[in-house]
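Input: a single structure, listed below in structure tokens.
Protein chains in written order, with our numbering: chain A, 10 to 183; chain B, 351 to 508.
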């Protein structure tokens, strides 16, 4: 197992290892995209399903992407693998054991172990595994969740672009 | 969030602490409340602390302020508007604005605001949540201590 794994470092080509705090105006601009993304996802869920809670963990993903869009934990690969893995494990354990403490605990332990082994550590996925194990509903929610993950994944590219544009605007201004 | 990947055994050891923390919190909740959902976002916090215990987003202060702010906003909106899309959206927007203004951004708190706005039931859950957040904040210190220990062992090996 190599020592410089992807999900614990900034992505290749990232301009700085840690994101600096921007001006308050720029911070709000950058936070606007995840806010709109989550509101859009929740709106879709509102129309198509009553299982709002299943999608709450994607809000944490969206704001983790805002906090550091160039970090390895926020790549599209890591986000999609971790969130879908967690949802599938949560749903499977829910179907096998029914909702409860044992189901939630097992889903969480399996998800964490696999995320580390697959080098796809995305912390909000742990909440996904718990929420699905506590109340997955049926398989159709998994498909809807997959759609919501794709919408959230698009945010990664948008935030990286927004950060680049803000940096360029600031450079031009100074 | 920029720590080096450790050896697999060390990674799993570091991940053991947040896992045990969340399992303890869930066990406690199981005994005194049925509101398991309210605490699921703390699991994200626990793993974010594992990912980088020395990052500013994972200080005990940021963790406590962000989660309690989010839980209060969620509860407030739930009481004002009833559970639903507008309560959830409103609670999340308030939480984000205040976190950015006070430079206390902790991403899992966004989930907390939504979960509390969707399903809070009563105020006593807020006290229980505070207890769980306090337990999670202890994890910050534990993970920092383990990282320091791993760093010392690695230096001695080199």
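Cβ coordinates follow ideal geometry from the N, Cα and C atoms, glycine included.
When you compare the CB positions of residue i and residue j, do they come within less than 8 angstroms of one another, or not?
i: residue 440(B); j: residue 110(A); result: no
i: residue 408(B); j: residue 419(B); result: no
i: residue 71(A); j: residue 161(A); result: yes
i: residue 307(B); j: residue 445(B); result: Outside the shown range of chain B, which is 351 to 508, sits residue 307(B), and nothing can be said about it.
i: residue 68(A); j: residue 461(B); result: yes
i: residue 139(A); j: residue 113(A); result: yes
i: residue 428(B); j: residue 421(B); result: no
i: residue 401(B); j: residue 56(A); result: no
i: residue 385(B); j: residue 475(B); result: yes
i: residue 383(B); j: residue 481(B); result: no
i: residue 488(B); j: residue 413(B); result: no
If we cut at 8 angstroms on Cβ distances, does residue i have a partner in chain B?
i: residue 22(A); result: Unreliable placement is indicated for residue 22(A), whose pLDDT of 48 sits below 50; the coordinate value is still reported in the next sentence. So, not an interface residue.
i: residue 30(A); result: yes
i: residue 46(A); result: no
i: residue 110(A); result: yes
i: residue 154(A); result: no
i: residue 78(A); result: no
i: residue 106(A); result: no
i: residue 99(A); result: no
Contact criterion: CB-CB distance below 8 angstroms. Does residue i meet it with respect to chain A?
i: residue 494(B); result: no
i: residue 365(B); result: yes
i: residue 428(B); result: no
i: residue 371(B); result: no
i: residue 465(B); result: yes
i: residue 407(B); result: yes
i: residue 469(B); result: yes
Could you have a look at residue i and say whether DSSP puts it in helix, strand or coil?
i: residue 368(B); result: helix
i: residue 129(A); result: coil
i: residue 356(B); result: coil
i: residue 181(A); result: helix
i: residue 60(A); result: coil
i: residue 499(B); result: helix
Check for me: the alpha helix (DSSP H) holding residue i runs from which residue to which?
i: residue 385(B); result: Note, residue 385(B): premise wrong, no alpha helix (DSSP H); not H, not E.
i: residue 50(A); result: 33-57
i: residue 97(A); result: 85-106
i: residue 458(B); result: 458-468
i: residue 428(B); result: 410-431
i: residue 450(B); result: 435-451
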